[in-house]
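Asks:
Numbering (my numbering), first residue to last: 449 to 777.
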């Protein structure tokens, strides 16, 4: 079996809640950011959110998982390396992955522990704020890498959130090294502005001597280049990536194919929930470039798909929503 994309990232079961801004002030949470919490904080917050607001949606998630599942629903052959425990949440996670047609290293025996969870809080302005308990996914390590599947892939896709744990950061670096060994292209995402802001040295370590394709948003690009100027940020990204895509929210996106910087038009939609928009952009983009399309076409599909995601609740689209989007190609 050969794959279009081999992904590695955190395995988290997303629990989504619709809340109001007042909750953040009361709970002392920074809005719009991803914050790591411990198991006790998770239990306490989960109880408060469930009681006061009610669970809206549960899905297997994690940034790279959303990307890989999106690509799979478009028609890409995919493999996902992650780490979940042998608990009910882990069972749910693996079943959800397989239902989306994604092959995984978690098919067999799984370790004892607690599967990671992410509390996704969405406010009326569609902004998403995440509190994450990594659980067993922080023990994602080199032993979880499936080298045979990786070697049989066109691209590897590395999640920036892996920078927060020493073992998972080492695993991400190992994936990049194995990709080079097997002549597999390397794609990476920064995942969240907080990763560039607080873990920049680790991210640079993950980037190593550079990647073939980098996904980031405008804020992350500016933080990477330590600049407020977009043109300077673009030049900074070019130092680390042969090609890249920079998402710009309602201003669309930029896609650089190594020669030309393509300006990707935005889709005007009423945003309901921005969770998963960047992940879907990457999934649609990777599907397109592994299926013979150029960066301009890949950008159009990615823009259309991410606009559809933000116009509904949850980090992903339903399987049947993907095919009609291909008209953007």
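Note that the Cβ used here is the ideal one computed from N, Cα and C, for glycine as well. Note that the coordinates shown come from a computational prediction; the quantities given were computed from them, not determined experimentally.
#1: Let me check understanding here. Comparing Cα to Cα, which of 523, 690, 702 and 698 lies closest to residue 679?
#2: Assuming contact is defined by CB atoms lying nearer than 7 Å, are residue 563 and residue 538 in contact in what I supplied?
#3: Whose C-alpha, out of 542, 558, 511 and 584, is nearest the C-alpha of residue 663?
#4: Return the chain-ordered ranges of every alpha helix (DSSP H) run that is complete within the segment 653 to 701 and spans a minimum of 4 residues.
#5: Just the Cα atoms here: how many angstroms apart are residue 723 and residue 600?
#6: Please report the Cβ distance between residue 507 and residue 462, rounded to the nearest whole angstrom; I am assuming they are in contact, meaning their Cβ atoms lie under 8 Å.
#7: Measure the C-alpha to C-alpha separation of residue 675 and residue 518 and round it to an integer number of angstroms.
#8: Return the Cβ separation of residue 597 and residue 551 in integer angstroms, given the expectation that the two are a contact with Cβ distance under 8 Å.
#9: Are the CB atoms of residue 527 and residue 451 within a distance shorter than 7 Å?
#10: How long is the line joining the alpha carbons of residue 589 and residue 621, rounded to whole angstroms?
#11: If we call anything under 7 Å between Cβ atoms a contact, is residue 651 one with residue 623?
#12: When the Cα atoms are used, what is the spatial distance from residue 659 to residue 586?
#13: Of the choices 745, 726, 755 and 719, whose alpha-carbon is the least far from that of residue 607?
#14: In the DSSP assignment, find the alpha helix (DSSP H) that holds residue 628 and state where it starts and stops.
#15: So residue 536 is in the alpha helix (DSSP H); what residue range does that whole segment cover?
#16: Pick helix, strand or coil for residue 532, following the three-state DSSP scheme.
#17: Terminal residues of the continuous beta strand (DSSP E) containing residue 461?
#18: Would you kindly work out how many angstroms separate the C-alpha atoms of residue 761 and residue 737, rounded to a whole number?
#19: Could you check what DSSP says for residue 492 in three-state terms: helix, strand or coil?
#20: Skipping 5 residues on each side, what residues in its chain have a beta carbon closer than 6 Å to that of residue 731?
Replies: According to the structure data:
#1: 702
#2: yes
#3: Per the C-alpha coordinates, the member of 542, 558, 511 and 584 positioned closest to residue 663 is 511.
#4: 666 to 673 and 678 to 688
#5: 31 Å
#6: Contact flag correct, Cβ pair sits at about 5 Å.
#7: Whole-angstrom Cα-Cα distance: 32 Å.
#8: 7 Å
#9: yes
#10: 10 Å
#11: no
#12: 24 Å
#13: 726
#14: 614 to 629
#15: 536 to 547
#16: coil
#17: 460 to 466 is the span of the beta strand (DSSP E), which, as asked, contains residue 461.
#18: 27 Å
#19: helix
#20: 515, 518 and 519
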